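These protein sequence lines are chains A and B, in that order.
First residue of the first sequence: 1, per the working numbering; consecutive thereafter.
First residue of the second sequence: 1001, per the working numbering; consecutive thereafter.
Here is the structure we will look at, set down as structure tokens.
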Amino acid sequence: MADTTNQEIIELAIRPIPPDTVASIKEEILSEIEAVLKEKGQEKLLVGEDLKPEVEKTFPIDQIVILVIKAATPIAVWAVNEIVIPKLREKYGVDRKKRSDRDESGDS
Amino acid sequence: MDYLLTQLAVQYCVFTLGCRKLTERLPHLTATLSADTRLSVKDCYRDFDAALADFKRCVEPKRADAVRRFVEGWRGRTQYYEKINRPAWMVLEEVAEGTLQAAENWDYRADIEDWHQAGRSLAHQYFAATPYPEISRKLTRCARIVYPYDGLGSDGYKPDQNPFGKGPSPVAYRETYQDLSAQESLENIILVRCFWDKNMALYLGYPFMFLHEYTAHIFVNDYQNDIFNDGWMLFAAAQFLQRQAIEERRAGKKFPLNPAQLNIFENEFLPQMKANDTNNIPAKGYAIASEIYALLKGENVHLTFENITQELAAFVPQAGEPKQWPTRFLNKLGERIEIEAERLLANIRPATDIRDLYSRLA
């Protein structure tokens, strides 16, 4: 079983760069992640679900793709940061959601 | 997670409260404008949206003050109605007064939850008679609404993004979600993104968007066949809503959505979906569904539009079948209906299920 103490969920906004489209990204991105991990000898991370990528399911009027990657172990977090994201940046516009602290409740 | 930071929460309160009060009075407003050749409901939306836009830079810290300021701005924009169409102006005055009166205790979470439950309930009705255990066992699912926010405006994306512009979807479903500030991992989440540029169309669209999340993603088997989940199922949901509204009206029941909410998909979202040159798949799936629906309407066949929909919604890949089988199937239907609709109908007539039909089309 995966060690979940270091689990991290990494959220990426992927923008298509023509000729790619939102449709082509949604169709290909998961197999592209699988391919790059295989190329680097890290495909086992996907088998054990140490690294689980998921494309956000939307009301389809959006024009970017939100990719959520659950990295359950330190090696999976490393693989996302050092292998997956650089590979995606070669082809797409990639913005990573940043952490920030909530300062107060919304009621006034 | 379940709440927004103060400034955006005040904005979202004003937005939901104003929109709710206007939505409640829309049938009356529409009646006063039905014979008016100078003023239309669209003009009222335009002025309302403009007042919201004026208000988006407002940083009133107190909800009641913010609501008062919004209403003042909106009244200024609609003052000219009094001379053109006094009954319509009076309806808007009732909306303005109702908005002011409700300001103190308004809770945007409760308001959005109402529409969430309306959408979920309609999706439940859609699948209530399903013969497929793959679907029926999911009908107890109830997602939790989360308002993602990270201090930049909305969920880390640019604050000025329009809900129907270049940004992420205003409503989205996540099987898993990690709240970054609470360090908490959640399941079955519907994200409601709070854009700064909010408008009446977005508000009217919430029930349909929630209905879609359930009929396309939460209650069904979703193997990311977008042509089905985000295309075909949008047509199925839109058809169902129209049918259900008529049936309930005939039965003397009150339908939970008004005509503006009922038609918002076809009037606002479908044109945007068709014009979206970066993702043509949902529009393609919608078009195939619409053509198959028309082809099979009134035909005495086992494989009706509804049966095809239910089978695809319950699809589980069998040995040797890829997860993308529904995409292949719908692409095949799309090809055939384009070039030989009569022959396709001849193939559908004897077909017992979707796999049988696919084998006849191969």
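Virtual Cβ for every residue (Gly too), placed ideally from N, Cα, C.
The structure presented is a predicted model; accordingly, all values stated were derived computationally and were not measured.
Can you tell me whether DSSP reads residue i as helix, strand or coil?
{"i": "A/M1", "result": "Reliability fails at A/M1, whose pLDDT of 40 lies under 50, so the model's placement of it is uncertain and the value that follows must be treated cautiously. Coil, per DSSP."}
{"i": "B/G1167", "result": "coil"}
{"i": "B/S1185", "result": "strand"}
{"i": "B/G1320", "result": "coil"}
{"i": "B/Y1012", "result": "helix"}
{"i": "B/G1298", "result": "coil"}
{"i": "B/V1220", "result": "coil"}
{"i": "B/Y1177", "result": "strand"}
{"i": "B/I1348", "result": "helix"}
{"i": "B/R1038", "result": "coil"}
{"i": "A/A23", "result": "helix"}
{"i": "B/F1127", "result": "helix"}
{"i": "B/P1256", "result": "coil"}
{"i": "B/R1141", "result": "coil"}
{"i": "B/R1025", "result": "helix"}
{"i": "B/F1235", "result": "helix"}
Would you kindly work out how many angstroms separate the C-alpha atoms of residue i and residue j, rounded to a whole number?
{"i": "B/A1172", "j": "B/I1246", "result": "29 Å"}
{"i": "A/E39", "j": "A/K97", "result": "26 Å"}
{"i": "B/R1083", "j": "B/T1032", "result": "Correcting the residue identity first, residue 1083 of chain B is Lys in this sequence and not Arg. Distance between the alpha carbons of B/K1083 and B/T1032 is about 14 Å."}
{"i": "B/I1227", "j": "B/E1306", "result": "17 Å"}
{"i": "A/V94", "j": "B/Y1214", "result": "29 Å"}
{"i": "B/T1327", "j": "B/H1212", "result": "19 Å"}
{"i": "B/D1222", "j": "A/F59", "result": "14 Å"}
{"i": "A/P74", "j": "A/Q7", "result": "8 Å"}
{"i": "A/V84", "j": "B/S1169", "result": "24 Å"}
{"i": "A/L37", "j": "B/Y1177", "result": "23 Å"}
{"i": "B/D1036", "j": "B/R1068", "result": "29 Å"}
{"i": "B/L1330", "j": "B/I1145", "result": "32 Å"}
{"i": "B/Y1358", "j": "B/Q1261", "result": "37 Å"}
{"i": "B/A1118", "j": "A/G41", "result": "48 Å"}
{"i": "B/I1377", "j": "B/A1346", "result": "Since the first residue shown for chain B is 1001 and the last is 1362, residue 1377 of chain B is missing from the structure and cannot be characterised."}
{"i": "B/K1056", "j": "B/V1071", "result": "13 Å"}
{"i": "A/V77", "j": "A/Q63", "result": "27 Å"}
{"i": "B/A1088", "j": "B/R1046", "result": "15 Å"}
{"i": "B/R1193", "j": "B/Y1147", "result": "6 Å"}
{"i": "A/G71", "j": "B/I1339", "result": "A quick correction: the sequence has Ala, not Gly, at residue 71 of chain A. Between A/A71 and B/I1339, the C-alpha separation is close to 47 Å."}
{"i": "A/A13", "j": "B/T1030", "result": "40 Å"}
{"i": "B/Q1079", "j": "B/M1209", "result": "33 Å"}
{"i": "B/L1361", "j": "B/L1039", "result": "53 Å"}
{"i": "B/A1201", "j": "B/L1191", "result": "18 Å"}
{"i": "B/T1299", "j": "B/D1114", "result": "According to the sequence provided, residue 1299 of chain B is Glu. The question's Thr does not apply to it. About 38 Å."}
{"i": "B/S1154", "j": "B/C1058", "result": "Its pLDDT being 45, under 50, B/S1154 is placed unreliably by the model, and the measurement read from it follows with that caveat. So the alpha carbons of these two residues sit roughly 17 Å apart."}
{"i": "B/E1281", "j": "A/A35", "result": "Reading off the sequence shown, one finds Ile at residue 1281 of chain B, where the question assumed Glu. Taking the straight line joining both Cα atoms gives about 24 Å."}
{"i": "B/S1290", "j": "B/A1237", "result": "12 Å"}
{"i": "B/M1090", "j": "B/D1043", "result": "16 Å"}
{"i": "B/D1049", "j": "B/Y1081", "result": "16 Å"}
Would you list the one or two residues that DSSP bridges to residue i?
{"i": "A/E8", "result": "A/A71"}
{"i": "B/N1191", "result": "First, the amino acid is wrong: residue 1191 of chain B is Leu here, not Asn. According to DSSP, B/L1191 bridges with B/V1146 and B/A1172."}
{"i": "A/I14", "result": "A/V65 and A/V94"}
Could you confirm whether any beta carbon from chain D is found closer than 9 Å to the beta carbon of residue i?
{"i": "B/F1269", "result": "Of the protein chains in this structure, namely A and B, none is chain D."}
**OP:** Decide yes or no for the touch test of the region 30-48 of chain A against the region 1006-1023 of chain B: beta carbon pairs closer than 8 Å, at least 3 of them.
**Re:** no
Original post:
Which full runs of the alpha helix (DSSP H) of 4+ residues lie inside the region 1055-1121 of chain B, going along the chain?
Top reply: At a cut-off of 4 residues, the continuous stretches assigned as alpha helix (DSSP H) that sit fully inside the region 1055-1121 of chain B are 1063-1078, 1081-1084 and 1086-1102.
Original post:
Do three or more CB pairs link the region 1129-1144 of chain B to the region 9-29 of chain A at distances below 8 Å?
Top reply: no
Subject >> Uninterrupted alpha helix (DSSP H) stretches inside the region 34-71 of chain A (no shorter than 4 residues) >> reply: 44-47
**OP:** May I ask you to verify whether the region 1277-1290 of chain B touches the region 1231-1251 of chain B, counting CB pairs closer than 8 Å and requiring at least 3?
**Re:** Contact holds between the region 1277-1290 of chain B and the region 1231-1251 of chain B, because three or more Cβ pairs, one in each stretch, are under 8 Å apart.
**OP:** State whether the region 1010-1022 of chain B contacts the region 1097-1107 of chain B, with contact taken as three or more CB pairs (one from each stretch) at a distance under 8 Å.
**Re:** yes
**OP:** Please determine if the region 1348-1360 of chain B and the region 1308-1316 of chain B are in contact, where contact requires at least 3 C-beta pairs separated by less than 8 Å.
**Re:** yes
Original post:
Taking three-plus beta-carbon pairs below 8 Å as touching, is the region 1118-1127 of chain B in contact with the region 1251-1261 of chain B?
Top reply: yes
Original post:
Hey, is the region 1318-1326 of chain B in contact with the region 1265-1275 of chain B, meaning 3+ C-beta pairs nearer than 8 Å?
Top reply: The region 1318-1326 of chain B makes no contact with the region 1265-1275 of chain B: fewer than 3 CB pairs, one atom from each, lie closer than 8 Å.
**OP:** Determine contact between the region 1020-1029 of chain B and the region 1087-1105 of chain B, defined as no fewer than three beta-carbon pairs at a distance below 8 Å.
**Re:** yes
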